[in-house]
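If you're matching positions, the sequence shown starts at 16 in the working numbering and goes up one per residue. Read through the structure below, which is laid out as structure tokens, and then see the notes.
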Amino acid sequence: MSLPHWNLDEIYTGCNSDDFNFAINACRENCTRVKALVKDNGAIEEVIKTWEKVLDTFETLDAYTSVLLSVETNNTDYLYALNRVSKLSLTVNNLEVIVINFLADNRTAVLNALDNELKEYSYVIKELLEKHNHLKSQEVEAVAADLNRSGTEAFERLQEALISRTVIEYKGEMKTVTELRNMAFSKEREIRKEAFEKEVQLLKNNEIAYAAALNGVKGSTITLDELHSYEPLKRSLIQSRIDEKIINSLISTLEKNLPLFRKYLNKKAEMLNLDHLAFYDIFAPIGEDVKRYEFEDAKDFILDKFYGFSKEMGDFAKKAFDNNWIDAEPRKNKVGGAYDVGFPDAGVSRILCNFDYSYNGLSTLAHELGHAYHDSVVLPKSHLLRTYPMTLAETASIFSETIVLQGALERASESEKISLIETFLQDTTQVCVDILCRFYFEREVFEKRKESELSSEEFCQIMVESQKKTYGTLSEYHPFMWAVKGHYYSSAFSFYNYPYAFGQLFALGVFAQKQKLGDAFAPKYRKMLENTGKDSAKNVASLLDCDIESEEFWQSSIDIVATYVEDFVNASNN
């Protein structure tokens, strides 16, 4: 049976269609209308609602052209449509400064509206007013945005191009960094080792360009953050809707539990007949391959587990399968990986994956359906009330993944259980240990970059020291991971790391509440998801009695990981 392709007709009927062109024109017209309302000192609610129409339509257009291109990357019509939408982005993005200034100029009336007709907007409008305290004039902000696009974003694209296009000879074939890194999952250690050595060599061949790009991004970020009276970490925390108490609690808990993760890594080394793992052994497979899943099998299994949680979530997943929301077939000119994307104007989502008939393929599908379920809960809300931070973005996806993992473990053989548990621990080690490593690296780089540019050798030194502090003793480290990870090169979001650890552990904490509350949990869970866009992470978490300021909460999530570590150690001993 062939794998499904998605149908996009309920969004737009094509990138040259009347409905697509109408949406572009409507977006432009509403941009003009927002400016006119602000100029005429119009009603606050009307300004907000019209701005939200702009944001909804632009988000829908942007998502639509992106998904078209993601399954046909060589389609010039789709690329042209993407560029048409991209031209709108400057106008749309500039509106934010205009609206924020309007709100600040009418602060008394705005605060009065927050007690009345805009009460539900209280948190997000106050967030915008706080942002105003850090903004410069419209002219300065426009220049900063333009320089950011042609400066730091250009460095970001340079890193992406180097990773995806530069090649090195490996056994008679030319390989990219991405292709070499995929060999880290090989069962053969010699293949992993040779691929790792080639990867490091290829990265070193371009180390001057990588270092220039990272220096450029971090230097510009420091300058722009100083212009807006931010520290890079402080700006990141504001974007994540958390504070220093929460991040310190999370980081402290991760640090205290490094011995737990090293226990797992040491046991894995023992199972591979090694004294210590090398960096290229971290992803080595352990245990028997889990059974092959046909797409229909994966669908039935996911539906069974989702319905086991709640009828609403099961019905939602069935709707996604039945209405061709999923594009699952790997094929030429389709991007790799997986994602979910929502379309506000249509009130629907679409999921891209590259289904490979493995348990990992099933788990990835459940993960993306979790994101889509989250979309379904928040899409009926207006734009400002549904836009949630990265820290809360992975809650529903990892929760869904965990439900499916529990079901898979219940029916797995002993050898399959080892493989399933090891895959979970491998992923969790990445979002706890490796993320902590990245946090250390970025913190150190920002401190040193304030004084001067760093050489490639200095970046490598900081990277290895960060790996030693987190992974502990490895027989070989990866000095060039700073060149590999595109997150370091993001100008929009510094410290693009800890939200992953937050997301994983928060979702596990939410799952623990499910075990504790039983049938009373599902409606509380839905209410929590509904509020992810309209309040602080602390207040959203409190809806499920999760205290994310306390180390006890984070430790309770790590304790779930600890049970899997014990299961892994015991199973491997047997």
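A virtual CB, placed ideally from N, CA and C, is assigned to each residue, including glycine.
Counting Cβ pairs closer than 8 Å, one from the segment 351-368 and one from the segment 267-285, do we hit at least three?
Fewer than three Cβ pairs drawn from the segment 351-368 and the segment 267-285 lie within less than 8 Å of each other, which leaves the two stretches out of contact.
Going by DSSP, name the residue or residues bridged to Arg365.
Val356
Tell whether a beta-carbon distance below 8 Å holds between His493 and Phe294.
Judged by their CB atoms, His493 and Phe294 are nearer to each other than the 8 Å cut-off.
Put Asp342 into one of helix, strand or coil per three-state DSSP.
strand
Which residue marks the beginning of the alpha helix (DSSP H) containing Met405, and which one marks its end?
405-408
Give me the Cβ distance between Trp340 and Trp21, rounded to the nearest whole Å; I'm assuming they're in contact under 8 Å.
About 6 Å separates the two Cβ atoms, so the contact holds.
I need the boundaries of the beta strand (DSSP E) containing Ile183, first residue and last residue.
182-185
Distance, Leu103 Cα to Gly533 Cα
48 Å
How close, in whole Å, do the beta carbons of Ile59 and Ala160 come, if the pair is a contact with beta carbons under 8 Å?
Rounded, the Cβ-Cβ distance is 25 Å, inconsistent with contact.
From Glu205 to Gln421, what distance separates their C-alpha atoms?
34 Å
Inter-stretch contact (C-beta, 8 Å, three-pair minimum) for the segment 221-241 and the segment 323-336:
Taking 8 Å as the limit for Cβ pairs, the verdict is that the segment 323-336 does not touch the segment 221-241.
Is it the case that the segment 101-119 contacts the segment 142-149, given that we only count it when at least three CB pairs across the two stretches are under 8 Å?
At 8 Å Cβ cutoff, the stretches touch.
Continuous alpha helix (DSSP H) assignments of at least 4 residues falling wholly in the segment 154-196:
167-180
Look at Thr488 and His243 and say whether their C-beta atoms are less than 8 Å apart.
No, the pair does not count as a contact, with Cβ atoms beyond the cut-off.
For Asn588 and chain D, any beta-carbon pair shorter than 8 Å?
The structure shown contains no chain D; it holds only a single protein chain.
Taking a contact to mean a Cβ-Cβ separation below 8 Å, would you say Asp304 touches Ser434 in this structure?
Asp304 is a Cβ neighbour of Ser434, given a cutoff of 8 Å.
Rank Tyr138, Asn220, Arg164 by C-alpha distance to the C-alpha of Arg256 and give the top, closest one.
Tyr138
Would you mind working out which of Thr91, Cys46, Ile26 sits nearest Ala78, comparing C-alpha positions?
Ranking Thr91, Cys46, Ile26 by Cα distance to Ala78 puts Ile26 first.
Buried or exposed for Lys320, please, with buried defined as at least 16 other CB atoms from any protein chain shown within 10 angstroms of its CB.
buried
By how many angstroms is the C-alpha of Val69 removed from the C-alpha of Lys50?
12 Å
Ala299 in three-state terms, based on DSSP:
coil
Considering Cα atoms alone, identify which of Met198, Ala361, Asp371, Arg365 is closest to Lys306.
Asp371
Cβ-based neighbour list, Tyr185, same chain, cut-off 6 Å, excluding 5 preceding and 5 following
Taken in chain order, the residues that qualify are Lys213.
Excluding the 5 residues flanking Cys30 on each side, which residues of the same chain have their C-beta closer than 7 Å to its C-beta?
Thr80, Leu83, Asp92, Tyr93, Ala96.
Ends of the alpha helix (DSSP H) at Lys326?
Note, Lys326: alpha helix (DSSP H), 326-337.
Start and end residues, alpha helix (DSSP H) containing Glu468
Per DSSP, Glu468 belongs to no alpha helix (DSSP H) and is neither H nor E.
Pick helix, strand or coil for Ala58, following the three-state DSSP scheme.
In the displayed model, Ala58 falls within coil according to three-state DSSP, outside both helix and strand.
In angstroms, rounded to a whole number, what distance separates the CA positions of Ser201 and Ile301?
11 Å
Cut-off 6 Å between Cβ atoms - residues of its own chain near Gly231, not counting five sequence neighbours on either side
Phe170
Rank Ile573, Ser557, Ser152 by C-alpha distance to the C-alpha of Lys271 and give the top, closest one.
Residue Ile573 is the option with its Cα nearest to Lys271.
Confirm, please, whether the CB-CB distance from Ser415 to His382 is below 8 Å.
yes
Which of the three DSSP states is assigned to Glu491 in this structure?
strand
Which parts of the segment 93-135 are runs of the alpha helix (DSSP H), unbroken and 4 residues or longer, counting only runs that do not cross its ends?
122-129
Expected contact under 8 Å - CB spacing of Arg250 and Ser587 to nearest Å
Here Arg250 is actually not in contact with Ser587; their C-beta atoms are around 44 Å apart, not less than 8 Å.
Alpha carbon to alpha carbon, how far is Asp330 from Ala228? Give it in angstroms, no decimals.
Whole-angstrom Cα-Cα distance: 47 Å.
In the DSSP output, what is Ala293 paired with across the bridge?
Glu491
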